[in-house]
Amino acid sequence: MDTTEIIVLLGGMASIGFVGWFFFMAPHQVATAVSSSSGVQQVDIMVKGGYSPNVIEVEKDKPVQLNFYRDEDNSCSEELLLPDFQIRRELAPFQTTAVELLPRQAGTFEFTCGMHMLLGQLVVK
C-alpha cells in the first residue's frame, strides 16, 4: 500500500467516524416542559438545521403544547412528523406552529422532519 492509498483510507475512516458521531452521539439539548396556569405543558422549539432543544421531557396524562418556530425556509424542515401520536404538520417558515397532544403512555417517542433527517425525542415520564 502506498502513501496515497493510506491517506485516502484514513480520510475515509475519519469521515465515517464523524458521520457516526454527528448522527448518534452528538450532545442533546434537553428541555423540561413548563406548565401554564391552565395546566398545559409548553415548550418552545427552534427549527433551524435541527430542533433546539431536541429532547423534550413531559409528564404523562397532562396536555402538551409544542411550539415549533421555523427560523428558515429549507425544504427539509417544512414538515413535522410525530408518528406515535399520528401527527403530521406543515411548518410555515418564520412562523410558530403549535402542536397539541395528550401523552397517555410513558416512553421515548421520536419526532422528525418529513425527510427523517432532523431528529428529536419526546420523553414522557
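All residue numbers for the sequence shown refer to the numbering used here, where the first residue is 475 and numbers rise by one. Built from N, CA and C at the ideal position, the CB exists for glycine as well.
{"Asked": "How big is the Cα-Cα spacing for residue 582 and residue 597?", "Found": "4 Å"}
{"Asked": "Going by other Cβ atoms of all chains shown within 10 Å of its Cβ, with 16 needed for buried, is residue 577 buried or exposed?", "Found": "buried"}
{"Asked": "What residue does the beta strand (DSSP E) around residue 581 start on, and which one ends it?", "Found": "581-587"}
{"Asked": "In three-state DSSP terms, what is residue 489?", "Found": "helix"}
{"Asked": "Can you give me the C-alpha to C-alpha distance between residue 509 and residue 481, rounded to a whole angstrom?", "Found": "54 Å"}
{"Asked": "Counting C-beta neighbours from all protein chains within 10 Å, is the total for residue 484 16 or more, i.e. buried, or is it exposed?", "Found": "exposed"}
{"Asked": "In terms of residue numbering, what span does the beta strand (DSSP E) encompassing residue 542 cover?", "Found": "538-544"}
{"Asked": "From the DSSP secondary-structure annotation, give me the bridge partner or partners of residue 531.", "Found": "506, 597"}
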